[in-house]
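Notes follow once the structure below has been shown.
Protein chains in written order, with my numbering: chain A, 844 to 1099; chain B, -13 to 997.
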């Protein structure tokens, strides 16, 4: 059977979703691969929703909102831009093709454009193949990484940087330093690497107790880096020293 | 009036944007509204527009929510396809006779499923698309039409004409088609009437020299709107009518049917800006397109229009040529069009264009005469409604008001402002009978479902053949029945029909359902209906979810029935997953302090305060100076030859003597706390500090005339600003000799890089003073140096009058600004005359500078109230088109010069408008919050303040709670439910009603696949 992409749309009530209604009223035919979740504003779309949808096997996700400056809630769509900026960087980190997540604006009057966005995106995903085809080192590894990413985006650190994007670029931090998009991106990338790795370590250690060397081997990362992560996690009580085997300490996730 | 009983209902005649706005404002205030529309659907001209200037909002996108709001409002009765025949009685108690023409489809029964259309064999011209497309004789005017019901055009229906056909009758399963429908006469009692019949475009065929109707590629601007529209006749592709080719070179001819003694002498006010708008849209589609606009004066006088014009020139490279085109010729071979014209420098040109767009002017609607007769009101010499400059929304008959383009040609925000303004006046007449005719619906008590396991009922709609003709509805129903927690699943022909609704209520009770999913059409139109239904069955409205298997599925996958069935199942599964997690939510009700605060005691502030008081609300009017009056104190005559001092004396008297108005003069705002319905403000004056609590705020802080620092202003005693000149003339402090050689310079401080906006009033002010001087000394030489003369609307006649009186108008640009020097005490001006191409020397006896209007203390107020200013320092309204006096923050309104430069009549309209909008929460006495608002989990919140920073409405605040740390809390009264705070909260401590994290996750999980 040929590959039928599984596509999720998360669309704002006022523009993109309304554009879909107009495509319907105008009977503009498009490919049937998409399922849509309606939200009030594209700014409502939490990075969690998008990462979760990938984890649940969606091959492509479209976040849709009002055209810039047309947002029904004044500036919600700007937050959608910030969210997509984060998640695309996460996808890149996970070696998932970033074109699997698109942010496209469709107004309530653009029924034809709505159909066009879906057709183009569906075809684009068809070319990219199933999400699993991005898993160079096996689907289970990718799922674990996505699961780690899902935990990471529900935690303070990444959410905080994502949320501060607007303020840092417009008004600057509390010292008045205004950041460029590039600087924010670099900051995000650093946090993404750190947070996802930490969550991955915890996921592994929830299954079995492992040594630093073993973790490094499984995650294909240098042992000194893992050592520092383990140290930091232990300091926060996220993991415990379970036992010492052959003179190397084994760690496990702290389930308390 | 005492002897006849007042009636708490208002009739609004004309369902364009003005009529809709007036209706909504009045209905929200508690009046019963009859909205009478001549055509089969409300929406008016705005519905036809592609985009709106200067923000380029999609017109239908911002209009259609208003259409739906009007349709659904329980206090608005829309009577479409109808006109009024007579209005008898007096203010407070009118009897209006209505003629409702048959539409041959029962509006009550028709659910706009559209199944009948294919059976109609007759094609007719599509008037909504300006005749550029065809529709069936049985059609709906446009997809978003309200009433959302089809109709039959009796002039083309085979049955009505020849007694043949009747195929549609059989096609309609709801039996909504009634080919024997007759016209109906209705008599209604209302307390006031508002006329908003709108406009018609000038019939371009009357200007035969432009070849409209004869040359295929000469079209009108309204046709061009439809051509550019994505849902228009060519799906938004710009084409030539002669060959369907995409044009490369396009010309706009301005003032077709405006500023022209052979058609209409007035200026239509909007055509310059709409031509720029249409050009920009065309350029956005095709940047290669070569566009030239031929104009006399560019009149972009509205707020933000001047920079829009600049963008058109600089960013989009639209060419502007100042030349009145006398005729259009067609190349018979290519059907190209040739324009011969003289440019400003006198050079002659002959240019070829692929397409010529005629910027047609605005005329009163064709029914205006009839309407005026029926309502017994007077029209002016142009056929528009006659009004007085100081009472712009009052017709010649008491109790009958006017708004929108029927009063004078105007754009959308001006129309919307007048509409709300007329609502304020109508409400002023009827305030003591407010609420007497609207009934609060009695609801059955809500059943408490807490602790119950979800018992979900799924109703799958056939929508005639719209769904069932594609997807296998039985299969979907069976599938739904097998889902966890679904205890009941049923199919219905039309889930939205009245009998189905009743069945749903029965089933909910019978099966003790506590969640309902309807798989049918879009929640955007039908959710409120079904929510009402489940509410009648005793379920909380929020226990409802919708699967859109029509608009999002069968309609768009008509050729893939299996895929459509599968998709429908997925959509139902996702909806059920969300439904499981739905919880009942309460509509929060916040009481309102029924008092208004008006900041600024100029004309706008006094008008607003008086209108609020006349509507029955207490009001505090704050003025920083000792005396009320503001700029009006310095105005002594107007272009229309009225006396502003009389207006000032009259309104001041009314304000000072109104029992509901407290005037605080010589006072300032020190601090404002709170939110809509509950503001606490500290006011300081020299004597004392006082605190008042109030529900709304109207900002009317005005503006000032710029004190120029050029042209020897302040250095030479004969250099005046226009305001000072007017004052000097009126007080008689000038001599005849001063009027010998008068030089006036326009745009002093306006339309400059530093202040790029147009100050709007100065052209009129210059002409006003010039005419006055001519009257005092007919031998006076008056020279007016200008960039564009912007006497928009009916004021064009005064421009003509001034020219006829011998006032000399000379163009200048920034390269050739007049050079003013002083030569042994006498003024001397070196000015460039573009016609002769040389400098000339004038020795003015008097120099008048048309100085810019500059914002006053807006900055302070903006910071105190946390409402935004635009780049130019004027207040920035919530929406340039449809919310011109509101702010994004609820409960705060703006009017007058604080908003933007404007004339006396515009200030009055806007002030009334602000009073109408502000009166809504005061009249309701409560603010209701949709249960989609945010809610903060105090345990999780650590007070970081991100939500407060990001909230566009200032509706979430981080504050220290007694004895605890900083915590965020939602101001439910003004939260709009966008959910940005929830999506950004680092602790995920914020949840959104009906769109919780868990619910959305459940929808996503329900779509999950094995991979």
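Beta carbons: idealized from backbone N, C-alpha and C, even for Gly.
This structure is a prediction, so every number in the text was calculated from the model and none was measured.
Excluding the five sequence neighbours on either side, which residues of its own chain have a C-beta within less than 8 Å of the C-beta of residue i, listed in chain order?
{"i": "residue 789/B", "result": "795"}
{"i": "residue 513/B", "result": "530 and 532"}
{"i": "residue 982/A", "result": "975"}
Interface residues of chain B around residue i at Cβ under 7 Å?
{"i": "residue 934/A", "result": "Under the 7 Å cutoff, chain B gives no residues; its nearest Cβ is about 16 Å from residue 934/A."}
{"i": "residue 1010/A", "result": "935"}
{"i": "residue 931/A", "result": "What residue 931/A touches in chain B: nothing, since even the nearest Cβ is about 16 Å away."}
Using a C-beta to C-beta distance shorter than 9 Å, which residues of chain A count as neighbours of residue i?
{"i": "residue 281/B", "result": "Going along chain A, no residue has its Cβ under 9 Å from residue 281/B, so there is no contact; the nearest lies around 27 Å."}
{"i": "residue 996/B", "result": "900"}
Beta-carbon within less than 6 Å of residue i's beta-carbon, same chain only, minus the 5 sequence neighbours each way: which residues are those?
{"i": "residue 1066/A", "result": "1055, 1056 and 1059"}
{"i": "residue 72/B", "result": "83 and 360"}
{"i": "residue 341/B", "result": "203, 226, 233 and 236"}
{"i": "residue 187/B", "result": "208 and 346"}
{"i": "residue 935/A", "result": "941"}
{"i": "residue 684/B", "result": "584, 594, 879, 900 and 904"}
List the residues of chain A whose Cβ lies closer than 7 Å to the Cβ of residue i, in chain order.
{"i": "residue 592/B", "result": "Per Cβ cutoff of 7 Å: no residues; residue 592/B is ~32 Å from chain A at best."}
{"i": "residue 923/B", "result": "Those within 7 Å of residue 923/B in chain A number zero; the least Cβ separation is about 14 Å."}
In chain A, what lies closer than 8 Å to residue i by C-beta?
{"i": "residue 555/B", "result": "The premise fails here: residue 555/B is roughly 10 Å from chain A at the closest Cβ pair, so nothing lies under 8 Å."}
{"i": "residue 129/B", "result": "865, 868 and 869"}
{"i": "residue 871/B", "result": "Chain A residues near residue 871/B: none, gap ~17 Å exceeds 8 Å."}
{"i": "residue 943/B", "result": "The contacting residues do not exist; residue 943/B stays about 17 Å from chain A at best."}
{"i": "residue 1053/B", "result": "Outside the shown range of chain B, which is -13 to 997, sits residue 1053/B, and nothing can be said about it."}
Should residue i go down as buried or exposed, given a rule of 16 or more other Cβ atoms within 10 Å for buried?
{"i": "residue 949/B", "result": "exposed"}
{"i": "residue 263/B", "result": "buried"}
{"i": "residue 885/B", "result": "buried"}
{"i": "residue 349/B", "result": "buried"}
{"i": "residue 45/B", "result": "buried"}
{"i": "residue 390/B", "result": "buried"}
{"i": "residue 418/B", "result": "exposed"}
{"i": "residue 0/B", "result": "buried"}
{"i": "residue 938/A", "result": "exposed"}
{"i": "residue -11/B", "result": "The pLDDT assigned to residue -11/B is 46, lower than 50, so where the model puts this residue is not dependable; a value taken from the coordinates is nonetheless given after this. By the 10 Å Cβ count, residue -11/B comes out exposed."}
{"i": "residue 912/B", "result": "exposed"}
{"i": "residue -13/B", "result": "Because residue -13/B sits at a pLDDT of 44, beneath the cut-off of 50, its placement in the model cannot be relied upon, and the following sentence gives the value as read from the coordinates. Classification of residue -13/B: exposed, given that the 10 Å Cβ count is below 16."}
Measure from the C-beta of residue i to each C-beta in chain A and report whether the shortest distance is under 8 Å.
{"i": "residue 978/B", "result": "yes"}
{"i": "residue 125/B", "result": "no"}
{"i": "residue 217/B", "result": "yes"}
{"i": "residue 720/B", "result": "no"}
{"i": "residue 932/B", "result": "yes"}
Closer than 8 Å, CB to CB, is residue i near chain B or not?
{"i": "residue 863/A", "result": "yes"}
{"i": "residue 899/A", "result": "yes"}
{"i": "residue 895/A", "result": "yes"}
{"i": "residue 1042/A", "result": "no"}
Kindly list, in the order they appear in chain B, the residues whose Cβ is closer than 9 Å to that of residue i.
{"i": "residue 867/A", "result": "507, 508, 534, 536, 537, 538, 539, 540, 541 and 542"}
{"i": "residue 880/A", "result": "560, 564, 986, 989, 990 and 993"}
Between which residues of its own chain and residue i is the CB-CB distance below 7 Å, once the five residues before and five after are set aside?
{"i": "residue 212/B", "result": "34, 115, 116, 118, 218 and 219"}
{"i": "residue 1063/A", "result": "none"}
{"i": "residue 322/B", "result": "338, 339 and 340"}
{"i": "residue 197/B", "result": "204, 314 and 316"}
Check the Cβ of residue i against every Cβ in chain B and list those closer than 8 Å, keeping chain order.
{"i": "residue 956/A", "result": "216"}
{"i": "residue 976/A", "result": "The contacting residues do not exist; residue 976/A stays about 10 Å from chain B at best."}
Next on the checklist: Measuring CB atoms only, is the segment 440 to 451 of chain B touching the segment 473 to 485 of chain B, in the sense that at least three cross pairs come out at less than 8 Å?
Outcome noted: yes
Item to check | the segment 151 to 171 of chain B touching the segment 83 to 95 of chain B, judged by at least three CB pairs closer than 8 Å | outcome: yes
Checklist entry - Pairing CB atoms from the segment 819 to 838 of chain B with CB atoms from the segment 703 to 712 of chain B, are three or more of them under 8 Å? => result yes
Checklist entry - Does the count of Cβ pairs from the segment 601 to 614 of chain B and the segment 649 to 659 of chain B closer than 8 Å reach three? => result yes
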